[in-house]
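Here the structure comes first, spelled out in structure tokens, and everything after it is commentary.
2 protein chains.
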Amino acid sequence: MAKIVVDVMLKPEILDPQGQAVGAALPRLGFTFATSVRQGKRFEIEIDGEATQAMLAEVSRAAETLLANPVIENFVVRVEK
Amino acid sequence: MAKIVVDVMLKPEILDPQGQAVGAALPRLGFTFATSVRQGKRFEIEIDGEATQAMLAEVSRAAETLLANPVIENFVVRVEK
Numbered sequence: 105m106a107k108i109v110v111d112v113m114l115k116p117e118i119l120d121p122q123g124q125a126v127g128a129a130l131p132r133l134g135f136t137f138a139t140s141v142r143q144g145k146r147f148e149i150e151i152d153g154e155a156t157q158a159m160l161a162e163v164s165r166a167a168e169t170l171l172a173n174p175v176i177e178n179f180v181v182r183v184e185k
Numbered sequence: 105m106a107k108i109v110v111d112v113m114l115k116p117e118i119l120d121p122q123g124q125a126v127g128a129a130l131p132r133l134g135f136t137f138a139t140s141v142r143q144g145k146r147f148e149i150e151i152d153g154e155a156t157q158a159m160l161a162e163v164s165r166a167a168e169t170l171l172a173n174p175v176i177e178n179f180v181v182r183v184e185k
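Set out below in structure tokens:
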């Protein structure tokens, strides 16, 4: 059994109101470290067997189809140890 | 400038309807690889200067306060290269 992680983030040129809201709330709470905050999604997918290249390609197709909107979002597929 | 990533996931014992919906939709689209899907949040935080241990501790406090609900969610803070 392997765990595959898909990170989905809005493309840099796309406005991210969720991230902006978090970025605006941090200083109100006394946290002044952030110059920029972006919020995205993280999917943890468990699969049977090994995370082969073919399996990762299949997960990428699923990410393109269902997990991310490729018009406005980028995604990264990786195996988590 | 450094980029700090905070991954927030529901605790394993907490029901995750979003992840379940994705897990149920995948086979309908012909993707049969997943035995379990969990969905969470990913925050990308840009900071000025180096990601020191003190800075990471501060980000952890912010994650506890604002980014995650520690009653039902776990989070991981890490520096992204």
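So the protein lines, in turn, are chains A and B.
If you want our numbering, it's the 1-based position in the first sequence plus 104.
If you want our numbering, it's the 1-based position in the second sequence plus 104.
Just so you know, even glycine gets a beta-carbon here, dropped at the ideal spot from N, CA and C.
Residues of chain A with a Cβ closer than 9 Å to the Cβ of B:Thr139 are, in chain order, Met105, Ile149, Glu150, Ile151 and Asp152. Fully enclosed alpha helix (DSSP H) runs of no fewer than 4 residues occupy 157–166 of the region 143–171 of chain B, in order along the chain.
Contact annotation for A:Phe135 against chain B: Glu162, Val163, Arg165, Ala166, Thr169 and Leu170 [CB-CB distance below 9 Å, chain order]. Under the three-state reduction of DSSP output, B:Leu133 falls in the coil class, being neither helix nor strand. Cβ-Cβ separation between A:Ala138 and B:Glu150: approximately 7 Å, consistent with a contact (criterion under 8 Å). Contact annotation: A:Ala172 and A:Val109 have beta-carbon atoms that are not nearer than 7 Å.
At the C-beta level, B:Thr169 and A:Leu114 stay beyond 7 Å of one another. A:Ala129 has a beta carbon lying within less than 7 Å of a beta carbon in chain B. Closer than 7 Å to the CB of A:Arg146 there is at least one CB belonging to chain B. With a beta-carbon spacing of about 6 Å, B:Ala106 and B:Val183 fall inside the 8 Å limit used to define contacts. Across the structure, A:Ala161 and A:Ile176 are spaced so that their CA atoms are roughly 21 Å apart. Ranked by Cα distance from A:Asp120, the options B:Glu148, B:Ser164 and B:Gly153 are led by B:Glu148.
For A:Lys107, the enclosing beta strand (DSSP E) has its first and last residue at Ala106 to Leu114. Assignment of A:Val180 by DSSP, reduced to helix, strand and coil, places it in the strand class.
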